[in-house]
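Working notes for the structure below.
Numbering (the working numbering), first residue to last: 85 to 324.
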């Protein structure tokens with residue numbers, strides 16, 4: 085059984101935004117008998133992993149979280165949730181699995197909610213991918229590979245997940261649920277689709293993006309990628 089324990093990360097010692105505060109309140113309301121554990125600079129050794137140390141020193145805290153969520157699940161078991169995940173109803177029915185998460189879309193098999201028993205093979209394989217990995221690349225740039233891609237690639241190659249928005253039971257009792265169960269929000273458009281099966285909503289606050297990145301994303305949604313690219317290039321030239 086997956087223990088009734090929720091893990092979340094908050095690195096950087098910044099003030100928590102209203103969305104995160106409201107989401108945490110939804111956890112307490114709908115999961116009153118779950119232990120809530122926060123992982124931060126006081127509870128995790130930043131220097132224990134090179135990738136984490138480099139990401140933290142670069143103030144890219146979302147990438148620190150990519151590792152620490154796996155560390156928490158592997159060593160303690162439970163449910164990890166991003167701080168922009170709202171809980172709508174109890175998650176007790178899913179605790180019988182060895183591990184679970186939900187589709188973000190037809191191509192990505194993980195969202196802001198993921199869980200496992202302590203020591204699960206899926207989490208172990210994902211965690212070991214950081215053993216010899218650097219966040220800062222040889223040319224000085226950052227490894228910004230989204231953890232959704234890393235997790236999806238491994239789940240396809242090691243567990244046989246098929247990129248389809250359907251419930252899939254994989255080896256080692258790993259379950260991948262459809263989009264509406266744990267995600268329910270399209271990150272590209274912001275459209276929310278709540279059904280009778282929706283248990284959590286991932287609001288995609290994208291706190292790791294800069295204000296410039298968020299502005300570019302909004303422009304792309306409004307006028308399309310080609311027109312947005314044209315305008316962004318003009319803006320770059322004007323600044324230069």
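For every residue, glycine included, the Cβ atom is placed at its ideal position computed from N, Cα and C.
Span separating the alpha-carbon of residue i from that of residue j
i           : j           : result
residue 153 : residue 164 : 6 angstroms
residue 143 : residue 96  : 7 angstroms
residue 99  : residue 145 : 13 angstroms
residue 201 : residue 214 : 20 angstroms
residue 304 : residue 273 : Low confidence applies here, because residue 304 scores a pLDDT of 42, under 50, leaving its location unreliable; read the following figure in that light. For residue 304 and residue 273, the distance between alpha carbons rounds to 10 angstroms.
residue 132 : residue 150 : 14 angstroms
Residue i - containing beta strand (DSSP E), residue span
i           : result
residue 93  : 89 to 93
residue 170 : 169 to 171
residue 123 : 119 to 123
Continuous alpha helix (DSSP H) stretch holding residue i: start and end
i           : result
residue 148 : 145 to 160
residue 136 : 134 to 141
residue 234 : 231 to 243
residue 263 : 263 to 266
residue 207 : 205 to 212
Counted within 10 angstroms of its Cβ, other Cβ atoms place residue i as buried (16 or more) or exposed
i           : result
residue 186 : buried
residue 203 : exposed
residue 251 : exposed
residue 280 : exposed
residue 85  : exposed
residue 224 : exposed
residue 233 : exposed
residue 235 : buried
Expected contact under 8 angstroms - CB spacing of residue i and residue j to nearest Å
i           : j           : result
residue 162 : residue 90  : 6 angstroms
residue 219 : residue 288 : Rounded, the Cβ-Cβ distance is 22 angstroms, inconsistent with contact.
residue 328 : residue 183 : Given that the chain is displayed from residue 85 to residue 324, the structure contains no residue 328 and the question cannot be resolved.
Residue-level contact to chain D via CB, residue i, 8 angstroms cutoff
i          : result
residue 86 : Absent from the structure is chain D; it holds one protein chain and no more.
- Query: Is the number of C-beta pairs between the segment 254 to 271 and the segment 167 to 183 that are closer than 8 angstroms three or more?
  - Reply: yes
- Query: With a cut-off of 8 angstroms, do at least 3 Cβ pairs link the segment 187 to 194 to the segment 105 to 125?
  - Reply: no
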